[in-house]
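One structure is given below, encoded as structure tokens.
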Amino acid sequence: MNASSWGTALLLLFLMLSMTPEASAQRRKKKRRKKQKTVQVDSLGLSYNYGLLVGASIAMQGIPKDSLSAEEIAAGIMKALEAELDPEMMDQAQERFMARMEAVQAAQAEAKLAEEKTWFADNAKNKKNIITLESGIQYEVLTAGEGEKPTAESSVTTHYHGMLTNGTVFDSSVDRGQPATFPVGGVIQGWQEILQLMPTGSKWKVYIPSALGYGSQAVGNIPPNSILIFEIELLSIN
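Residue numbers -25 to -1, 1 to 213, in mature numbering (1 follows the signal peptide of the UniProt record, and there is no 0), belong to the letters of the sequence shown in order.
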């Protein structure tokens, strides 16, 4: 988590704490018993919802939950609330956090790469008519086109259906019922390479290694280091 993320999380906490029911009750001059009951109930909601904010921030960064301890996260938050943390202490905490996360992510990427190599080898072995390019991209021709091939400077119109290896659909112009038009040079590397090999009118099923997709980034519902599978129909060059 970078300094901006920590700062945002702490700012949210301080803002929420500044709006606790005690202040509201004092302004409205409610009875003491009613005020105490409100504080007790709303404080539970405050803690839970702040936890949701922290958890959402962690999830968006692709940090695996099994590498974290909820108890230690809570202890760290309480330590920050109870102590006066100077910039040096915050910098040290951030450096330790980043070093740990880099180690975790490196180990995950290495394991994922080994799985990916096995997956592509099995895919080539178990499916007929699979063509493997030097880059590692694999494809099979579903419909052979005979038209012109795009260049890196072309704009193309395509229909596509994007999936993960588990069958999860993450994007589909087919499902939307609307073809997509875009510059060849404006898409992921795997698409850039494969589009320039496709004659217009072709429909191919393409298997893209993670390094030529989104790499270690989590994008939407695509996890980091994901193999991407597309059925691509090249409709026209514009």
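Note that the Cβ used here is the ideal one computed from N, Cα and C, for glycine as well.
Computed from a predicted model, the values in this text were never measured in an experiment.
Membership of glutamine 164 in the alpha helix (DSSP H) is indicated by the continuous run 164 to 170. In this structure, DSSP gives methionine 173 a state outside helix and strand, which the three-state scheme calls coil.
Non-local C-beta neighbours of threonine 156 in its own chain, meaning closer than 6 Å and more than five positions away in sequence, comprise Thr132, ordered along the chain. Under the three-state reduction of DSSP output, lysine 124 falls in the coil class, being neither helix nor strand. The three-state reading of DSSP puts glycine 188 in coil, since its state is none of H, G, I, E or B. In the DSSP assignment, glutamine 153 falls outside any alpha helix (DSSP H), carrying neither H nor E. Annotation for leucine 56: the continuous alpha helix (DSSP H) segment containing it runs 45 to 57. Sequence-distant Cβ neighbours of glutamine 192 in its own chain, meaning closer than 7 Å and more than five residues away, are Pro199.
Rounded to the nearest whole angstrom, the C-alpha separation of lysine 40 and alanine 81 is 16 Å. Scanning its chain for C-beta atoms nearer than 8 Å, with the 5 sequence neighbours on each side dropped, one finds around tyrosine 135 the residues Asp146, Ser147, Ser148, Val149, Ala155, Phe205, Glu206, Ile207 and Glu208, in chain order. The criterion of a C-beta distance shorter than 8 Å is not satisfied by methionine 173 and tryptophan 166. Cβ-Cβ separation between serine 177 and valine 79: approximately 41 Å, too far for a contact (criterion under 8 Å).
Annotation: leucine 27 to glutamate 123 spans about 52 Å, alpha carbon to alpha carbon.
One alpha carbon belongs to serine 201, the other to lysine 87, and they sit about 8 Å apart. Leucine 27 sits in a helix when the DSSP states are folded into three classes. Under the three-state reduction of DSSP output, threonine 132 falls in the strand class. The Cβ atoms of phenylalanine 95 and glutamine 83 lie no closer than 8 Å to each other. Separation of the CB atoms of isoleucine 163 and tyrosine 182 is rounded to 13 Å, and the pair is thereby denied contact status at 8 Å. Of Val159, Ala49 and Ala58, the smallest CA-CA separation from serine 129 is found for Val159.
Isoleucine 169 counts as buried, since at least 16 other C-beta atoms from the protein chains shown sit within 10 angstroms of its C-beta.
Counting along the chain, leucine 88 sits inside the alpha helix (DSSP H) bounded by residues 62 to 101.
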